[in-house]
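Read top to bottom, the protein sequences are chains A and B. In this text, residue positions in the first sequence follow the working numbering: the first is 22, and each later residue adds one. In this text, residue positions in the second sequence follow the working numbering: the first is 631, and each later residue adds one. Cβ coordinates follow ideal geometry from the N, Cα and C atoms, glycine included. Single-structure report; data block below.
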Amino acid sequence: AQKITQTQPGMFVQEKEAVTLDCTYDTSDPSYGLFWYKQPSSGEMIFLIYQGSYDQQNATEGRYSLNFQKARKSANLVISASQLGDSAMYFCAMRDHNAGNMLTFGGGTRLMVKP
Amino acid sequence: GAVVSQHPSWVICKSGTSVKIECRSLDFQATTMFWYRQFPKQSLMLMATSNEGSKATYEQGVEKDKFLINHASLTLSTLTVTSAHPEDSSFYICSAPRLGAGNEQFFGPGTRLTVL
């Protein structure tokens with residue numbers, strides 16, 4: 022069974038500073054994918070970044086980077102140069118390649134960027 | 631990028647009525663779609679996997695007779711909440727993976743259901 026844990030229910034960050042959102046996972050399958058999504062108050066799920074279990078390098082997408090530590094089973098999201106528009110819920114999710122394309126989500130972290 | 635739409639975006643209904651929510655993949659075919667439910671300040675919980683041409687697969691604890699899923703075509707899945715009650719009020723989101731799109735799964739904008 023898969024499990025995704027986000028231990029930070031809420032976080033504050035000062036505008037223009039970097040912030041790290043934690044995510045740990047548990048799976049017995051060697052092939053899996055890890056995702057981060059942003060959900061603003063409108064409710065839409067916005068894809069941010071993806072990391073495959075066999076990827077050698079940490080994923081990066083603009084201001085988003087994923088600190089993938091496979092041995093520790095962690096996939097933390099780093100947002101650099103925070104902007105006010107980054108305030109939202111952030112969800113870590115995992116896809117088990119043996120379970121089709123189903124995603125299992127963590128509990129989420131609410132990020133609030135202070136001006 | 632690929633777009634998934636949902637209709638309606640919000641609905642208010644009386645207790646005991648049925649509500650149908652549509653999920654469409656607009657520019658790609660999806661043999662599989664997923665339906666999630668999200669209560670306020672909580673995460674997304676998978677309800678069921680909608681399979682084109684076959685029965686949906688429901689997660690444990692989800693009543694298949696209450697949440698009817700029909701994957702009518704390669705671009706349309708519908709979720710019908712039958713005999714809705716106030717405890718069914720929630721945010722319902724569908725998603726669809728697109729083959730060949732790398733590893734992204736495309737989400738609809740969600741439907742907010744309020745049952746009075």
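Neighbouring residues, chain A, relative to residue i (Cβ below 8 Å)
i      : result
Q735/B : F56, F68, R116, N122, L124
Pair within 9 Å by beta-carbon distance, residue i and residue j
i      : j      : result
P716/B : V745/B : yes
L743/B : S719/B : yes
Q60/A  : C113/A : no
N97/A  : C44/A  : yes
T741/B : I723/B : yes
Q735/B : G129/A : no
S74/A  : G106/A : no
F664/B : L132/A : no
L69/A  : Y58/A  : yes
E682/B : H701/B : yes
L704/B : Q659/B : yes
CB-CB length for residue i against residue j, believed under 8 Å
i      : j      : result
S648/B : S713/B : 7 Å
I25/A  : F126/A : 6 Å
S95/A  : A39/A  : Going by Cβ atoms, the distance from S95/A to A39/A rounds to 17 Å, so no, they are not a contact pair.
S707/B : S684/B : At roughly 12 Å, the Cβ-Cβ gap does not stay under 8 Å, so S707/B and S684/B are not in contact.
D50/A  : D117/A : 5 Å
G64/A  : P739/B : 7 Å
M110/A : Y46/A  : Not a contact, Cβ separation roughly 18 Å.
Residue i, DSSP secondary structure in three states
i      : result
L105/A : helix
H715/B : coil
Under 9 Å from the C-beta of residue i: neighbouring residues of chain A
i      : result
P739/B : S63, G64, E65, M66
Start and end residues, beta strand (DSSP E) containing residue i
i      : result
K650/B : 649-655
P727/B : 720-727
H637/B : 634-637
C643/B : 640-643
A92/A  : Taken as a continuous stretch (DSSP letters only), A92/A belongs to no beta strand (DSSP E), as it is neither H nor E.
K696/B : Note, K696/B: premise wrong, no beta strand (DSSP E); not H, not E.
Y75/A  : Per DSSP, Y75/A belongs to no beta strand (DSSP E) and is neither H nor E.
A678/B : 675-681
Under 8 Å from the C-beta of residue i: neighbouring residues of chain B
i      : result
F112/A : S673, L674
Proximal residues of chain A, C-beta to C-beta of residue i below 7 Å
i      : result
P727/B : N122
I723/B : M66
F664/B : M123
Cross-chain neighbours of residue i in chain B, by beta carbon under 7 Å
i      : result
G128/A : S673
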